[in-house]
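Engineer: Protein chains in written order, with the numbering used here: chain U, 1 to 185; chain H, 186 to 249. We treat Cβ as the ideally placed atom computed from N, Cα and C, and that holds for glycine. All of these numbers come straight from a predicted model, not from anything done at the bench.
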Amino acid sequence: MDRQNAKAELTSHMKVLRAFAMSLTRNDAAADDLVQDTVLKAWSNFDKFQEGTNMRAWLFTILRNTFYSNRRKAAREVEDSTGTITESISVKPAHDGRLQLAEFRVALAELPAEQREVLTLIGVLQYSYEEAAEVCGVKVGTIKSRLNRGREALASSMQINIDDQMELTDAATHAVVAASGGTAA
Amino acid sequence: MANRPQKQPWDTLIDENLKRVFDEDANAELPPHLMELLDRLDKIPVADASGTTGATSQSQEEAE
């Protein structure tokens with residue numbers, strides 16, 4: 001791949017790359033730094049990129065490897081940051097079980113990065129278990145476990161009892177009907 | 186064959202929120218310094234397939 005084509009394709013992935021960085025860091029400045037590091041590493045290692053393969057997946061792999069490498073180096077700072085976030089969380093259930101998006105973001109930020117990563121790859125980007133396992137460098141069983149734990153944690157934050165999903169759906173429906181005088185649309 | 190996750194009803198609700206969060210982030214404007222970085226890429230040498238430019242170490246240094 002020549003340099004201009006490489007740059008054009010790299011540029012086309014920048015916004016999704018930054019969104020993926022946000023899914024890992026939940027912090028604008030940290031996401032920007034992560035994208036910058038990823039772009040520089042990718043650009044200086046384009047000889048290792050196999051033309052015809054998925055550049056986005058390749059960039060994701062560089063980005064996540066950089067993120068986890070940086071996190072290992074700054075483990076203490078990350079713990080402090082997580083503590084601050086945890087203390088600031090105050091999740092209130094909406095009447096139908098939905099969180100406002102801002103509240104959902106807070107709940108998402110509370111999850112371990114490994115769970116956010118898998119939730120993003122599978123829940124948002126529609127990766128298969130196998131594709132996510134390849135990007136993350138772990139076994140499919142680990143991906144399934146992280147996905148389930150992440151969803152359970154978010155469901156818990158949304159005050160959804162996964163074992164009683166249908167029952168709570170009925171309760172939520174009844175609440176809406178009752179609140180609207182029995183004429184819920 | 187790819188193994189696609191089986192979804193529960195609440196998973197769909199969670200995924201919808203995940204997508205909204207991701208879309209908001211993906212639709213945000215890139216900060217100026219990242220745009221400037223893309224402009225500067227042309228000035229950063231790239232090793233060819235045989236790695237013969239001799240610029241790799243310089244680029245790696247910048248990456249770190």
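Compare the beta carbon distance of U:L108 and U:L147 with 8 Å and say whether it is the shorter of the two.
Structural biologist: No.
Engineer: Which residues in chain U have a C-beta closer than 7 Å to the C-beta of H:K228? List them in chain order.
Structural biologist: Correct list: empty, because the minimum Cβ distance to chain U is about 10 Å.
Engineer: Would you mind stating whether U:K7 and H:L226 have Cβ atoms separated by less than 8 Å?
Structural biologist: Cβ distance < 8 Å, so U:K7 and H:L226 count as in contact.
Engineer: Run through chain U and tell me which residues come within less than 7 Å of H:P216, C-beta to C-beta.
Structural biologist: In chain order: D32.
Engineer: Between U:H13, U:A113, U:A42, which has its C-alpha nearest U:F188's C-alpha?
Structural biologist: One cannot answer for residue 188 of chain U here, as it falls past the ends of chain U, which runs 1 to 185.
Engineer: Quick one: list the residues of chain H neighbouring U:Q36, beta-carbon separation under 9 Å, in chain order.
Structural biologist: Neighbours of U:Q36 on chain H, chain order: H218, L219, L222.
Engineer: From what residue to what residue does the alpha helix (DSSP H) around H:P217 run?
Structural biologist: H:P217 -> alpha helix (DSSP H) spans 217-225.
Engineer: With 8 Å as the threshold, decide whether the Cβ of U:K139 is near any Cβ in chain H.
Structural biologist: Output row for U:K139: interface = no.
Engineer: Indicate whether at least one CB of chain H lies closer than 8 Å to the CB of U:W43.
Structural biologist: It does; some Cβ of chain H falls within 8 Å.
Engineer: Suppose the cutoff is 8 Å on Cβ atoms and the five residues either side in sequence are ignored; what does the same chain contact list for H:N202 look like?
Structural biologist: Nothing meets the Cβ criterion.
Engineer: Quick one: give me the first and last residue of the alpha helix (DSSP H) that U:V39 is part of.
Structural biologist: Note, U:V39: alpha helix (DSSP H), 28-44.
Engineer: Could you spell out the range, first to last residue, of the alpha helix (DSSP H) harbouring U:E152?
Structural biologist: U:E152 -> alpha helix (DSSP H) spans 140-157.
Engineer: Answer with yes or no whether the minimum CB distance from U:T11 to chain H is below 8 Å.
Structural biologist: So, interface residue.
Engineer: Are the Cβ atoms of U:E117 and U:S12 separated by less than 8 Å?
Structural biologist: No. Outside cutoff.
Engineer: Assuming U:L10 contacts U:V39 (C-beta within less than 8 Å), just tell me the rounded distance between them.
Structural biologist: Between U:V39 and U:L10 the Cβ distance is about 7 Å, and since that is below 8 Å, they are a contact.
Engineer: Going by the CB atoms, is the gap between H:I199 and U:S44 shorter than 8 Å?
Structural biologist: Not in contact: U:S44 and H:I199 (Cβ atoms no closer than 8 Å).
Engineer: In this structure, how does DSSP classify U:G97 when only helix, strand and coil are distinguished?
Structural biologist: Low confidence applies here, because U:G97 scores a pLDDT of 43, under 50, leaving its location unreliable and the question unanswered by this model.
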